[in-house]
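Just so we're on the same page, our numbering is the position in the sequence shown counted from 1, plus 27.
Since the structure comes first, as structure tokens, the remarks are kept for the end.
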Amino acid sequence: MPALVLLGAQWGDEGKGKATDLLGGSVDYVVRYQGGNNAGHTVVVGDQKYALHLLPSGILSPGCTPVIGNGVVVDPSVLLSELSGLNERGVDTSKLLLSGNAHIITPYNVTVDKVTERFLGKRKIGTTGRGIGPTYADKINRVGIRVQDLYDESILTQKVEAALDVKNQVLTKLYNRRAIAVDQVVEELLGYADKLAPYVSDTVLVLNQALEDDKVVLFEGGQGTLLDIDHGTYPFVTSSNPTAGGACTGAGVGPTKISRVIGILKAYTTRVGAGPFPTELFDEDGEALRRIGGERGVTTGRDRRCGWFDAVIARYATRVNGLTDFFLTKLDVLTGWEQIPVCVAYEIDGKRVEELPYSQTDFHHAKPVYEMLPGWSEDISKAKSFSDLPKNAQAYVKALEEMSGAPISAIGVGPGRDETIEINSFL
Ligand code: GDP
Ligand code: IMO
Ligand code: MG
28 MPALVLLGAQ WGDEGKGKAT DLLGGSVDYV VRYQGGNNAG HTVVVGDQKY
78 ALHLLPSGIL SPGCTPVIGN GVVVDPSVLL SELSGLNERG VDTSKLLLSG
128 NAHIITPYNV TVDKVTERFL GKRKIGTTGR GIGPTYADKI NRVGIRVQDL
178 YDESILTQKV EAALDVKNQV LTKLYNRRAI AVDQVVEELL GYADKLAPYV
228 SDTVLVLNQA LEDDKVVLFE GGQGTLLDID HGTYPFVTSS NPTAGGACTG
278 AGVGPTKISR VIGILKAYTT RVGAGPFPTE LFDEDGEALR RIGGERGVTT
328 GRDRRCGWFD AVIARYATRV NGLTDFFLTK LDVLTGWEQI PVCVAYEIDG
378 KRVEELPYSQ TDFHHAKPVY EMLPGWSEDI SKAKSFSDLP KNAQAYVKAL
428 EEMSGAPISA IGVGPGRDET IEINSFL
């Protein structure tokens with residue numbers, strides 16, 4: 028019963044979509060377990076490029092059943108337009124399974140996300156504005172709307188009333204906005220019911236039965252370890268658990284079933300939105316990483332903040348996720364630098380610190396301690412095996428592996444499916 032978790036080891040956008048798609052051909056189910064359409068996962072197949080937000084990247088592999096688990100928050104209009112967009116491009120999406128327990132991002136959750144950010148002013152998180160935080164807040168406050176509620180009009184109406192009761196007071200009295208009408212929301216949501224019905228199922232039962240039948244299940248995380256609500260750089264985080272434990276709660280599969288946890292790790296670091304980032308670059312190197320790496324958000328089109336590789340973060344990701352492997356991505360982007368700085372520790376208030384500080388204040392004060400590794404200038408995008416890489420690129424990978432605490436089992440040398448060096452098999 029191989030069950031693999033694949034997740035971001037940094038601040039998101041590590042290349043999870045590509046890695047998931049690569050494994051998609053050999054697995055039976057790919058499951059999203061948290062987050063929503065704040066995610067933007069790019070998959071390149073031949074000359075075709077796909078940007079997926081809510082759908083698991085396994086949707087592009089014909090033999091694979093894509094699943095949206097109970098831990099995901101679903102904007103029905105986004106889901107339906109993503110499905111029809113893929114159908115127009117000839118992708119069969121009929122196998123999709125959608126958990127009836129997944130929470131729905133309602134139009135008022137999107138409104139609340141936007142007005143809250145506006146009112147936070149300088150202290151804003153820089154959210155994607157997709158209603159993610161407010162929808163998870165409603166879930167925790169027990170006033171959320173679930174997919175299954177679309178099939179009981181009376182319950183749906185009562186729940187929307189309960190959710191809007193306080194929100195309308197806040198919107199009108201605090202934020203100076205118009206109140207949102209219950210009927211309108213109910214009507215809009217009911218309009219999605221029939222279109223979503225073919226996909227709705229008891230995904231917990233399906234996945235556990237699949238594991239009993241020895242099927243291979245891959246859990247695809249959105250966002251990344253440092254954006255985790257519990258283990259990330261709070262409050263500059265997303266509102267769910269992208270870390271490995273989130274796969275269990277977000278899909279209803281017990282921890283004893285998970286056999287492998289793969290951390291997707293970029294050969295340098297990026298971040299979108301606000302919050303601390305010790306190795307961030309504000310110079311030409313940062314600009315070059317952004318340009319060569321194409322570091323622009325798939326969801327919001329924002330430029331990503333760029334910096335050197337941070338081994339402290341990678342070690343932390345190994346620990347909080349119990350990583351068994353790393354998939355190192357975008358090594359090709361580093362081609363051409365004479366020397367590549369790698370952050371091996373932090374200096375905080377004059378002291379050298381080897382591990383991620385738990386204190387937010389300390390993390391904000393952390394200065395990177397760099398070690399310089401020799402670079403390479405040869406094109407590595409055609410490399411098929413580790414030995415095809417130039418000596419210095421091999422040494423860079425080995426150094427990262429040693430500092431990060433888990434074996435690097437695959438290396439990305441380009442965005443395409445085949446632009447990957449496989450070192451240890453994942454299955
Ligand atoms: P995700 O959110 O983790 O799925 O990552 P994104 O798709 O947001 O960002 C990763 C970007 O890097 C995408 O444009 C990918 O096509 C691209 N990419 C992934 N792996 C590699 C790689 O090894 N080399 C290069 N050059 N690009 C890659
Ligand atoms: P993928 O899956 C990078 C960031 C936002 C913001 C913070 C909170 O493509 O790696 P939210 O809208 O989630 O409440 O925003 O989290 N963020 C991401 N950054 N990649 C993502 O997803 C992200 N999803 C959210 O920029 O800083
Ligand atoms: Mg992304």
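The beta carbon of each residue, even a glycine, is placed where N, CA and C say it ideally should be.
Treat the numbers as computed from the prediction; the structure is a model and nothing was measured.
- Counting only the Cα atoms, K45 lies some 5 Å from V70.
- Counting only the Cα atoms, V244 lies some 31 Å from L216.
- Taken in chain order, the complete alpha helix (DSSP H) segments of 4 residues or longer contained in the stretch 274-336 are 311-320.
- Residue state for H391 is assigned as helix, using DSSP reduced to three classes.
- As computed with DSSP, T92 is found in a beta bridge with Y56.
- Residue nearest to P442 within the set T356, N268, T184 is T356 (criterion: CA-CA distance).
- Taking 8 Å as the upper bound for CB-CB distance, A66 and Q250 are in contact here, some 7 Å apart.
- For C91 against G127, the beta-carbon gap comes to about 21 Å, at or over 8 Å, which does not count as contact.
- Boundaries around V244 are those of the beta strand (DSSP E), 244-247, since no alpha helix (DSSP H) includes it.
- By alpha-carbon distance to P401, the top candidate from P395, F390, K409, K418 is K418.
- Under DSSP, the beta-bridge partners assigned to R379 are E374.
- P89 and E428 have their alpha carbons spaced roughly 34 Å apart.
- Secondary structure note for T351: it is in no alpha helix (DSSP H), with a DSSP letter that is neither H nor E.
- For the 7 Å CB-CB criterion, G98 and T283 do not form a contact.
- Distances from the CB of G62 to the heavy atoms of the ligand MG are all 6 Å or more.
- Within its own chain, the residues whose Cβ lies closer than 7 Å to the Cβ of A237, once the five positions on either side in sequence are excluded, are D55, Y56, V244, listed in chain order.
- Relative to the ligand MG, D48 has its C-beta separated by 6 Å or more from all heavy atoms.
- Restricting attention to L147, V209, A410, the CA atom closest to the CA of E188 is found in V209.
- Relative to the ligand IMO, even the nearest heavy atom lies 6 Å or more away from the CB of L81.
- The beta carbon of G441 sits closer than 6 Å to at least one heavy atom of the ligand GDP.
- DSSP places E115 in the uninterrupted alpha helix (DSSP H) bounded by 103-115.
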